[in-house]
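**Q**
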Amino acid sequence: MDFFRFDFKDLDLSRLDFKFMESFRLDFKAPDTPYKEFVLLFSWAVYTFEQYLSARQYRKLQEPNPPKSLQDIEEVRDKFQKTQAYGLSKARFQFVSELYGQLQSTWIIVCNILPELWLFSGNLLAYAGYGTEYEIIQSLIFTVIMTLMTYLMSLPLNLYYTFIIEEQHGFNKMTVGLFFMDVIKGFLIAGVIGLPILALVLQIIQWTGDNFYFYVWVFMIIFNFILLTIYPTLIQPLFNKVEPLPDGELRENIEGLASRINFPLKKLYKIDG
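Residue numbers (the numbering used here): 156 to 428.
Listed below in structure tokens is the structure:
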């Protein structure tokens, strides 16, 4: 069997010609690199794969009966059918909304919407008397315009989901006025919190240079801890009615579970979400 033995030490790599590999080399610094084509190809590949997974899930939602072990329980059968119907409605809506979102992203990339919005933001800045050195302010203007544009484009779908799909299945508790009031609150909170945070992140990038990613990472960790602390008490009540969970069996069971696992439970609230 020694006839089939091969010693890699005898392989002289210097004699191999790797010039054919140059045809596969891509210089990402070259101005003619087809960035948009690569991004679009990858984006549509991911979208196609996700739709394949969603289609498989859709077939499961079409099953009329629960698992055999639960089919003899009438309450389970009723809830299962309602759950399947709700899931099918959401799945059909998801197919439409994700296709719409994918087409929207493709339009933004193909038509150079982001560069055009950046130039428009710079023009607004110049009209206000500021120069190109105010990059952070221009970035904030760009963010506001982009946020408003994407929200307005998704507004019809959001309205349909809330007032058609959720309404049909008895889950909608909103009025049109309350819906838009929450939208206004969301924009105000984003402006009060989001824009200063974005400005600070951009300033950190300017201060720290090539090592910005580490400092931004540390800053975002600190910010997330602060946000997790203030959200339940300061932000959540702006969108939902929050009140203490009243005494009763549910509260006793939760407190008993927390006691058994040594969880430091302090307060219990219920939300009208």
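Note that the Cβ used here is the ideal one computed from N, Cα and C, for glycine as well.
Could you check which residue in Leu333, Val299, Thr363 and Ile296 has the C-alpha nearest to that of Leu314?
**A** Residue numbering aside, residue 314 sits at position 159 when the sequence shown is read from its first letter. Ranking the options by Cα distance to Leu314, first place goes to Leu333.
**Q** Closer than 7 Å by C-beta to Tyr316: which residues in its own chain qualify, once you throw out the five before and the five after it? Chain order, please.
**A** Locating residue 316 in the sequence shown gives position 161, where the first residue counts as 1. Closer than 7 Å at Cβ, skipping near neighbours: Phe248.
**Q** Exposed or buried, Phe369, counting other C-beta atoms within 10 Å across all chains shown (16 or more means buried)?
**A** The residue given as residue 369 occupies position 214 in the sequence shown. Around the C-beta of Phe369, fewer than 16 other C-beta atoms lie within 10 Å, and the residue is accordingly described as exposed.
**Q** Going straight from the alpha carbon of Leu269 to that of Asn278, what length do you get?
**A** As a position in the sequence shown, residue 269 is number 114, starting the count at 1. As a position in the sequence shown, residue 278 is number 123, starting the count at 1. In a straight line, the C-alpha of Leu269 is about 14 Å away from that of Asn278.
**Q** Compute the beta-carbon to beta-carbon distance between Val356 and Val371, rounded to the nearest angstrom, for a pair I have assumed lies under 8 Å.
**A** Along the sequence shown, read from residue 1 onward, the residue named residue 356 stands at position 201. Along the sequence shown, read from residue 1 onward, the residue named residue 371 stands at position 216. Between Val371 and Val356 the Cβ distance is about 6 Å, and since that is below 8 Å, they are a contact.
**Q** Would you report the Cα separation of His324 and Ile426, rounded to the nearest angstrom?
**A** What you label residue 324 is simply residue 169 of the sequence shown in a count that begins at 1. What you label residue 426 is simply residue 271 of the sequence shown in a count that begins at 1. The alpha-carbon atoms of His324 and Ile426 are separated by roughly 20 Å.
**Q** Apply the 10 Å Cβ neighbour rule to Ile296 and answer buried if 16 or more other Cβ atoms are within range, or exposed otherwise.
**A** Translated into the one-based positions of the sequence shown, residue 296 becomes position 141. Classification of Ile296: buried, given that the 10 Å Cβ count is 16 or more.
**Q** Measure the alpha-carbon distance for Ser209 versus Leu243 and round it to whole angstroms.
**A** Position 54 of the sequence shown holds residue 209. Position 88 of the sequence shown holds residue 243. Straight-line Cα distance between these residues: approximately 11 Å.
**Q** Do the CB positions of Ile291 and Ala354 come within less than 8 Å of each other?
**A** For the purposes of this step, residue 291 is taken as the residue at position 136 of the sequence shown. For the purposes of this step, residue 354 is taken as the residue at position 199 of the sequence shown. Yes, the pair counts as a contact, with Cβ atoms nearer than the cut-off.
**Q** Which residue's Cα is closest to the Cα of Gly256: Gln361, Thr203 and Gln391?
**A** Within the sequence shown, the letter at position 101 stands for residue 256. Taking only the C-alpha atoms, the option nearest Gly256 is Thr203.
**Q** Quick one: residues in its chain with C-beta nearer than 7 Å to the C-beta of Trp273, no 5 flanking neighbours on either side, listed in chain order?
**A** Sequence index remark: in the sequence shown, residue 273 carries index 118 (1-based). These residues qualify, in order along the chain: Phe297.
**Q** Assuming contact is defined by CB atoms lying nearer than 8 Å, are Leu405 and Ala413 in contact in what I supplied?
**A** Within the sequence shown, the letter at position 250 stands for residue 405. Within the sequence shown, the letter at position 258 stands for residue 413. Contact flag unset, no.
**Q** So Phe367 and Ile360 are supposed to be a Cβ contact under 8 Å. How far apart are they, rounded?
**A** Numbered from its first residue, the sequence shown carries residue 367 at position 212. Numbered from its first residue, the sequence shown carries residue 360 at position 205. Their Cβ separation, rounded to whole angstroms, is 4 Å, which keeps Phe367 and Ile360 in contact under 8 Å.
**Q** Would Thr451 pass as a contact of Leu350 if the rule is Cβ separation under 8 Å?
**A** This structure does not reach residue 451, given that the chain is present from 156 up to 428, and the question cannot be answered.
**Q** In terms of DSSP beta bridges, what is Pro399 paired with?
**A** Walking along the sequence shown from the start, residue 399 turns up at place 244. Paired residues: Tyr424.
**Q** Leu389: buried (16+ other C-beta within 10 angstroms of its C-beta) or exposed?
**A** Against the sequence shown, residue 389 aligns to sequence position 234. When all chains shown are included, Leu389 counts as exposed.
**Q** Would you mind giving the Cβ-Cβ distance between Gln212 and Ala246, rounded to the nearest angstrom? I have them listed as a contact below 8 Å.
**A** Residue 212 sits at position 57 when you count from the first residue of the sequence shown. Residue 246 sits at position 91 when you count from the first residue of the sequence shown. That pair is a contact at about 7 Å.
**Q** Looking at the unbroken alpha helix (DSSP H) that takes in Phe337, where does it start and where does it end?
**A** Taking the sequence shown and counting its residues from 1, one reaches residue 337 at position 182. The question names Phe, but residue 337 in the sequence shown is Asp. Val331 to Ile344 is the extent of the alpha helix (DSSP H) around Asp337.
**Q** Report the option in Glu205, Val265, Leu303 and Tyr424 whose CA atom is closest to the CA atom of Pro189.
**A** Position 34 of the sequence shown holds residue 189. Looking at the Cα atoms, Val265 is the closest of the given residues.
**Q** Given a cut-off of 8 Å on the beta-carbon distance, is the pair Gln259 and Met308 in contact?
**A** To locate residue 259, count along the sequence shown from 1; it is residue 104. To locate residue 308, count along the sequence shown from 1; it is residue 153. Yes, the Cβ-Cβ distance between Gln259 and Met308 is below 8 Å.
**Q** If you reduce the DSSP assignment to three classes, tell me which class Asn417 lands in.
**A** Along the sequence shown, read from residue 1 onward, the residue named residue 417 stands at position 262. Of the three classes helix, strand and coil, the one that applies to Asn417 here is coil, per DSSP.
**Q** Compare the beta carbon distance of Pro221 and Arg232 with 8 Å and say whether it is the shorter of the two.
**A** Within the sequence shown, residue 221 is the residue found at index 66, counting from 1. Within the sequence shown, residue 232 is the residue found at index 77, counting from 1. Contact flag set, yes.
**Q** Could you tell me if Leu423 is buried or exposed, where buried requires 16 or more neighbouring beta carbons within 10 angstroms of its beta carbon?
**A** Stepping through the sequence shown from its first residue, residue 423 is reached at position 268. Exposed, by the Cβ-count rule.
**Q** What's the call for Ser276, buried or exposed, on a 16-neighbour Cβ count within 10 Å?
**A** Residue 276 sits at position 121 when you count from the first residue of the sequence shown. With 16 or more Cβ atoms within 10 Å of its Cβ, Ser276 is classed as buried.
**Q** If you follow the alpha helix (DSSP H) that Ala283 is in, where does it begin and where does it stop?
**A** Here the question's residue 283 lines up with position 128 in the sequence shown. Premise fails: Ala283 is in no alpha helix (DSSP H) and is neither H nor E.
**Q** If we call anything under 8 Å between Cβ atoms a contact, is Phe380 one with Ile352?
**A** Translated into the one-based positions of the sequence shown, residue 380 becomes position 225. Translated into the one-based positions of the sequence shown, residue 352 becomes position 197. No, they are not a contact pair.
**Q** Grab the span of the alpha helix (DSSP H) containing Ile291 for me, first residue to last.
**A** Along the sequence shown, one-based indexing puts residue 291 at 136. Unbroken alpha helix (DSSP H) run through Ile291: Glu290 to Tyr315.
**Q** Taking only three categories from DSSP, how would you classify Phe367?
**A** For the purposes of this step, residue 367 is taken as residue 212 along the sequence shown, with counting starting at 1. The three-state secondary structure of Phe367, taken from DSSP, is helix.
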